[in-house]
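Note that my numbering gives residue 480 to position 85 of the sequence shown, counting from 1, and the numbers run on in steps of one.
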Amino acid sequence: MEGTRGAGRGAMGILFPARCVGCQRVLPYNRKEKGICCECEKKMESVKGQVCARCGKILRNPLDAYCKDCKKYTHFFLQGKALFVYTGPMKMAMYKLKYSNARWMVKFFARETKKRYGGWLKEIQPDCIIPVPMFHKKKRQRGYNQAEVFAKALSKEIHIPVENNLVIRGKNTIPQKGLDFFGRQKNLKNAFKLNRNNVKLNCVLIVDDIYTTGSTMDAIAKLLQKKGVEKIFCLTICIGTDV
Ligand SMILES: [Zn+2]
Ligand SMILES: [Zn+2]
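Here you go:
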């Protein structure tokens, strides 16, 4: 039934009515296309305006080129983009997407990506989309990897293939939450591996649900860079704030 719940068409629409990604309530008919209810739309903060030229966070000081984190640390990716600020209804949405099987949400996020970053994606022309992998045992327990589900939905919208078997998570890391920049880096040390030596990619787009400090993206980007991938970009559904 993957992907049918948000569609809200025909008989499937009655069985799986379109729900708001923010509050998960059934949407009235006139909001179905939007994918979010009026209340959540007001509370959700889209990433727009002056953003960090590197990671895509909304800048606290619009006169800066980079956010506080990107001024301090170098990244292994060229540029990142995100759809929403990780706040308000998006916090609950990301929780549901990760832990409560709310896979239907990805269709909305994939469509939003195409709408808002379609031009950027055409410009950068990635060879493939690489979802941040989950440790295999964890994926088996949970049943899915939310980054992979999002990558597949995005692939359908923008017609760029998903490369699912190149990067693997070789160890079960502890959640990054609560760790500082260096703690995150240490936690991710040797966490990812490449499945093969022959990479043959020039430009890739790494996707995930949430971007905080970029440590996860960097860990993967570093590996790919070593194998000759020249251009590495990232895209996430949510992003933290410039603190
Ligand atoms: Zn709502
Ligand atoms: Zn930044």
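C-beta: ideal position from N, C-alpha, C; glycine also.
TODO: Report the residue ranges of all alpha helix (DSSP H) runs contained in full by the stretch 403 to 480; include only those spanning at least 4 residues, in chain order.
DONE: Along the length of the stretch 403 to 480, whole alpha helix (DSSP H) runs at least 4 residues long occupy 405 to 410, 433 to 438, 463 to 467, reported in chain order.
Open item on the list: Taking a contact to mean a Cβ-Cβ separation below 8 angstroms, would you say Ala586 touches Phe545 in this structure?
Closed with: In the sequence shown, residue 586 corresponds to position 191, counting from 1. In the sequence shown, residue 545 corresponds to position 150, counting from 1. No, they are not a contact pair.
TODO: Would you tell me roughly how many angstroms separate the C-alpha atoms of Lys584 and Glu434, rounded to the nearest one?
DONE: As a first step, residue 584 must be located in the sequence shown, where it is residue number 189. As a first step, residue 434 must be located in the sequence shown, where it is residue number 39. If I take the Cα positions, the gap works out to 41 angstroms.
- [ ] Report all residues from its chain with a CB closer than 8 angstroms to the CB of Pro457; omit the five preceding and five following residues, and keep chain order.
- [x] Position 62 of the sequence shown, counting from 1, holds the residue named residue 457. In its chain, beyond the 5 residues on either side, Gly444, Gln445 have a beta carbon closer than 8 angstroms to the beta carbon of Pro457.
Task: Residue environment, Ile632, which counts as buried when at least 16 other CB atoms sit within 10 Å - done: The residue you call residue 632 lines up with position 237 of the sequence shown. Sixteen is the threshold: when 16 or more other Cβ atoms of the shown chains lie within 10 Å of the Cβ of Ile632, as they do, the residue is buried.
Open item on the list: Judging by CA-CA distance, which residue of Gly514, Cys432, Trp515, Cys523 is the nearest neighbour of Leu600?
Closed with: In the sequence shown, the residue the question calls residue 600 occupies position 205. That would be Cys523, whose Cα lies nearest to the Cα of Leu600.
TODO: Please confirm whether Ile553 and Gly513 have their CB atoms less than 8 angstroms apart.
DONE: Looking up residue 553 in the sequence shown gives position 158. Looking up residue 513 in the sequence shown gives position 118. When the beta-carbon positions are compared, Ile553 and Gly513 come within less than 8 angstroms of each other.
Open item on the list: Just checking Glu625 against ligand 3 - is the residue's beta carbon closer than 7 angstroms to any of the ligand's heavy atoms?
Closed with: The model depicted lacks ligand 3 and carries ligand 1 and ligand 2 instead.
Task: Cβ neighbour criterion (16 or more within 10 Å) applied to Asp603 - done: Sequence index remark: in the sequence shown, residue 603 carries index 208 (1-based). Buried, by the Cβ-count rule.
- [ ] Just tell me which of Gln474, Lys429, Lys427 has its CA closest to the CA of Arg449.
- [x] For the purposes of this step, residue 449 is taken as residue 54 along the sequence shown, with counting starting at 1. Check the Cα spacing between Arg449 and each of Gln474, Lys429, Lys427: the tightest is with Gln474.
Task: Proximity of Lys588 and Gly573 at Cβ, strictly below 8 angstroms - done: As a first step, residue 588 is located in the sequence shown; it is residue number 193 there, counting from the start. As a first step, residue 573 is located in the sequence shown; it is residue number 178 there, counting from the start. For the pair Lys588 and Gly573, the CB atoms are not nearer than the 8 angstroms cut-off.
- [ ] Give the DSSP bridge partners of Asp603, in chain order.
- [x] To locate residue 603, count along the sequence shown from 1; it is residue 208. BP columns for Asp603 point to Thr631.
- [ ] Give a yes or no on contact between the stretch 418 to 437 and the stretch 450 to 469, applying the rule of three or more CB pairs nearer than 8 angstroms.
- [x] No: fewer than three Cβ pairs fall under 8 angstroms.
Task: Bridge partners - Lys626, DSSP secondary structure assignment - done: As a first step, residue 626 must be located in the sequence shown, where it is residue number 231. BP columns for Lys626 point to Cys598.
Task: Under the three-state DSSP convention, the category Ile553 falls into - done: Taking the first residue of the sequence shown as position 1, residue 553 is located at position 158. If DSSP states are grouped into helix, strand and coil, Ile553 belongs with the helices.
TODO: Determine which residues share a DSSP beta bridge with Val562 and list them.
DONE: To locate residue 562, count along the sequence shown from 1; it is residue 167. In DSSP, Val562 forms a bridge with Leu589.
Task: alpha helix (DSSP H) segment containing Pro484, residue limits - done: Counting from one through the sequence shown, the residue named residue 484 turns up at place 89. Following the DSSP letters along the chain, one finds Pro484 inside the alpha helix (DSSP H) bounded by residues 484 to 494.
- [ ] Provide the residue(s) that pair with Ile524 in DSSP beta bridges, ordered along the chain.
- [x] For the purposes of this step, residue 524 is identified with residue 129 of the sequence shown, where counting begins at 1. Ile524 pairs with Val557, Leu600.
TODO: Answer with buried or exposed for Lys495, where buried requires no fewer than 16 other C-beta atoms within 10 angstroms of its C-beta.
DONE: Taking the first residue of the sequence shown as position 1, residue 495 is located at position 100. Note that residue 495 is Ser in the sequence shown, not Lys. Under this definition Ser495 is an exposed residue.
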